[in-house]
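Going letter by letter, the sequence shown gives residues 1 to 288 in full-length UniProt numbering.
Yeah, the Cβ is synthetic: ideal placement off N, Cα and C, and Gly gets one too.
Report on the following structure.
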Amino acid sequence: MNFAQQLINGLVLGHAYALIAIGWTVLLGVARLVNFGHGQMYMLGAFVTWFVMAKTGLPYLVAIPLSMTVGVAVGYLMQRTMLQLTIKQDLVSVMIVTLGFGHVLEGAAALFFGSTGQILDTPLSLSNIYIADIWITWQDIAIILVTVVFFAGLKYVIEKTELGRLIRMVAEDPKLAALAGIDIQKIYLGVFAFEGAAVALAASLVAPRTPILTSMGFNEVIITFVVVVLGGIGSVAGSYMAGIGLGLFTAFFGAYVSAAYSTAAMFIVLIIVLVIRPGGLATRPGGH
1 MNFAQQLING LVLGHAYALI AIGWTVLLGV ARLVNFGHGQ MYMLGAFVTW
51 FVMAKTGLPY LVAIPLSMTV GVAVGYLMQR TMLQLTIKQD LVSVMIVTLG
101 FGHVLEGAAA LFFGSTGQIL DTPLSLSNIY IADIWITWQD IAIILVTVVF
151 FAGLKYVIEK TELGRLIRMV AEDPKLAALA GIDIQKIYLG VFAFEGAAVA
201 LAASLVAPRT PILTSMGFNE VIITFVVVVL GGIGSVAGSY MAGIGLGLFT
251 AFFGAYVSAA YSTAAMFIVL IIVLVIRPGG LATRPGGH
């Protein structure tokens with residue numbers, strides 16, 4: 001196996017993992033909630049991008065914002081439906097609702113787009129770059145660049161802006177934030193809308209690497225869960241590091257051991273890391 005090629009594959013895969021997980025990272029950090037419909041939202045974003053390009057003939061750069069718009073609408077609708085559960089922090093009910101919402105999205109996608117898989121070809125995914133015996137596409141480069149810019153921008157917004165201060169206050173203590181005059185309903189709705197946009201953007205960029213299937217949501221939820229927990233709940237920088245680390249691990253494990261057992265190996269890594277660092281990679285050993 002070509003070590004340099006696997007390194008490139010791992011970096012691309014890692015940035016893809018991080019980008020897919022970023023919406024859930026913010027959701028967990030602010031609302032202290034999980035969205036088990038996240039994978040189906042990714043699937044929907046991929047199908048919308050494919051549909052816009054394949055059925056309407058619009059270019060890729062138009063399909064991406066249209067997919068993100070649908071993602072915003074779905075995220076907003078989901079949170080609007082369970083807003084009172086969110087405010088009450090009824091975690092069990094929220095998990096059930098998001099799980100059910102995800103299955104509804106999957107069924108609706110199968111009804112509208114069909115149950116057969118689709119391939120999303122873009123001008124970037126069809127453009128290859130060869131450097132010696134290393135191969136990469138412009139789509140891969142776009143994934144890396146967009147992920148870096150996205151994470152840097154998000155980190156700046158959360159840490160340096162007034163909006164970020166409000167988000168951190170709600171994340172720390174929603175009841176106290178409400179008493180301080182912050183409209184926590186708007187924050188929660190905004191966070192879910194952001195998650196929808198972020199996961200749709202990730203789908204538009206990452207989906208050209210794999211077939212698009214209505215059943216693909218489950219795998220994306222698993223990857224997202226591992227990245228978010230490894231990175232530390234709500235940590236933007238931690239999720240980025242976890243995504244890169246997980247991508248490199250998956251690439252090398254698949255190449256030198258077996259791709260069939262990569263998911264199982266991923267969870268072994270998760271268990272080991274959480275034993276050593278209960279708070280995830282964003283904390284010091286021992287969780288301090």
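**Q.** 8 Å contact criterion, which histidine 38 and tryptophan 24 should meet: CB distance rounded
**A.** 5 Å
Q) To which residues of the same chain is serine 215 closer than 6 Å at the C-beta, ignoring the five residues directly before and after it? A) none
Q.
With a threshold of 8 Å, are at least 3 pairs of Cβ atoms found where one atom belongs to the stretch 122 to 131 and the other to the stretch 238 to 252?
A. no
Q: Could you tell me the distance, in whole angstroms, from the CA atom of leucine 166 to the CA atom of valine 104?
A: 33 Å
Q. Name the DSSP beta bridge partners of threonine 137, please?
A. Asn128
Q: Answer yes or no: do serine 239 and valine 226 have a C-beta to C-beta separation smaller than 8 Å?
A: no
Q) Tell me which same chain residues have a C-beta within less than 7 Å of the C-beta of valine 269, skipping the five on either side of it? A) Phe249
Q: Classify glutamine 118 as helix, strand or coil using the three-state DSSP reduction.
A: strand
Q | leucine 111 - containing alpha helix (DSSP H), residue span | A | 91 to 113
**Q.** Integer-rounded CB distance, given that glycine 279 should sit under 8 Å from glycine 232
**A.** 5 Å
Q. Does DSSP put isoleucine 212 in a helix, a strand or coil?
A. strand
(Q) Beta-carbon within less than 6 Å of phenylalanine 101's beta-carbon, same chain only, minus the 5 sequence neighbours each way: which residues are those? (A) Gly37, Met78
Q.
I'd like to know whether the C-beta atoms of leucine 274 and methionine 68 end up nearer to each other than 8 Å.
A. no
**Q.** Per-residue DSSP class, three states only, for leucine 189
**A.** helix
Q.
Please report the straight-line C-alpha distance between methionine 53 and phenylalanine 113, rounded to a whole angstrom.
A. 13 Å
Q | Nearest-angstrom beta carbon gap, phenylalanine 150 and leucine 19 [assumed within contact, 8 Å] | A | 7 Å
**Q.** Sequence ranges, alpha helix (DSSP H) only - wholly within the stretch 36 to 101, length at least 4
**A.** 38 to 56, 60 to 81, 83 to 88
Q: Below 8 Å on the Cβ atoms is my guess for phenylalanine 192 versus leucine 27; work out the distance and round it to an integer in Å.
A: 7 Å
Q: Tell whether a beta-carbon distance below 8 Å holds between tyrosine 42 and glycine 217.
A: yes
Q) If you drop the 5 nearest sequence neighbours on each side, which residues of the same chain put their C-beta closer than 6 Å to that of isoleucine 223? A) Tyr17
Q: Return the residue from the list Ala264, Val257, Tyr256, Ala251 that minimises the CA-CA distance to glycine 10.
A: Ala251
Q. For alanine 109, which residues from the same chain have a beta carbon less than 7 Å from its beta carbon, with the 5 sequence-adjacent residues on both sides left out?
A. Met43, Leu44, Phe47, Thr214
Q: Measure the alpha-carbon distance for aspartate 90 versus isoleucine 8 and round it to whole angstroms.
A: 42 Å
Q. Taking all protein chains shown into account, do 16 or more other C-beta atoms lie within 10 angstroms of the C-beta of aspartate 183, making it buried, or fewer, making it exposed?
A. exposed
Q. How close, in whole Å, do the beta carbons of leucine 145 and isoleucine 212 come, if the pair is a contact with beta carbons under 8 Å?
A. Actually they are not in contact, since the Cβ atoms of leucine 145 and isoleucine 212 sit about 23 Å apart, beyond 8 Å.
Q) alpha helix (DSSP H) containing leucine 19: first to last residue? A) 3 to 31
Q.
Whole angstroms are fine: how far does the CA of tyrosine 60 sit from the CA of proline 123?
A. 8 Å
**Q.** Of the listed residues Arg277, Tyr188, Thr137, nearest to leucine 33 (C-alpha basis)
**A.** Tyr188
Q.
I need the DSSP call for arginine 165, collapsed to helix, strand or coil.
A. helix
Q) By Cβ distance below 6 Å, which residues in the same chain neighbour serine 262 in space, the five residues on each side in sequence not counted? A) Thr250, Phe253, Gly254
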